[in-house]
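Numbering (the working numbering), first residue to last: 334 to 606.
Backbone N, C-alpha and C define an ideal beta-carbon position, used for all residues, glycine too.
Working notes for the structure below.
This is the structure in structure tokens:
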């Protein structure tokens, strides 16, 4: 079954929009390995090597790497059978080899061949390099506890696509995803967003940042306000000075992944920088 959400509820990124394709959790069991485990030889389409399960210990999700370098294979053999996830020094040694990553559930999988960036900021685009924080600190999705997410897709509204290209955004009123969200999304979120958007816009017209910040201090509303502000920044229907001011606001409140939004503005809307 599909679950339609904006990723505001668990602090993911400014303006993210997603469709989660889910199955019942009791029908989605995987290996559940909680230690580094050698699985088998891997012989796929133009991809060869040894398949290793990194041992995250999730019942419904496996994070694996495909190793075609003998030095990395020997490095892994030394720690086989151990829990390595909290050993950041060891994880960083693995990252230097930039192995192919294979993330899989019972009904879907994704293979990532993009090189793992070693700099702190990383690269834009596919974010499944190797054990990103969202995986290391428990995979969280805004779905019911009895459901298991098989795959997440961002069909319309992200400001950046899977190849790292920056996209125009069609605005809150004409964005196709907003229509999808209103039809299938959580009723309470849609109602709260409508009310909060009106409140925020009134304060913006008065240039009353203090009032916005006072609302933002309410932890329940933080992420929702952040999404509204990010969407205003991306919406060319708004005055550029207002958009520039909101970009500055998001920087002041240290919005999650602000640097991605700033890069988008530089590429697609330099007039608001």
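Check	Outcome
Option in 481, 409, 575, 527 with minimal Cα separation from residue 334	481
Alpha-carbon spacing of residue 431 relative to residue 399, whole angstroms	10 Å
Neighbourhood of residue 354 by C-beta distance below 7 Å, restricted to the same chain and skipping five residues each side	335, 483, 484
Distance, residue 563 Cα to residue 396 Cα	31 Å
Cβ neighbours of residue 610 in the same chain (closer than 7 Å, five flanking residues each side left out)	Nothing can be reported for residue 610: it is not among the residues displayed for the chain, which extend from 334 to 606.
Cβ distance (whole Å) where residue 505 is taken to contact residue 568 below 8 Å	6 Å
C-beta atoms of residue 367 and residue 416 nearer than 8 Å	yes
Contacting residues, own chain, Cβ-Cβ under 7 Å from residue 587 (five flanking each side not counted)	none
Close Cβ partners of residue 362 (< 8 Å) along its chain, the five nearest in sequence each way excluded	392, 393, 439
Closest residue to residue 381 among 421, 524, 537, 435 (Cα-Cα distance)	435
Check whether residue 605 and residue 580 have beta carbons under 8 Å apart	yes
Close Cβ partners of residue 375 (< 7 Å) along its chain, the five nearest in sequence each way excluded	381, 382, 383, 384, 399
Classification of residue 388 by the beta-carbon crowding that lies within 10 angstroms, buried from 16 upward	buried
Sequence-distant residues of its chain with Cβ nearer than 8 Å to residue 530 (five each side left out)	505, 561
Reference residue 573; option with closest CA among 551, 603, 548, 544	603
Element boundaries [alpha helix (DSSP H), containing residue 582]	573-585
Where residue 338 falls: helix, strand or coil (DSSP)	strand
3 or more residues per run - each beta strand (DSSP E) lying fully within the segment 411-437	433-437
Continuous beta strand (DSSP E) stretch holding residue 376: start and end	370-377
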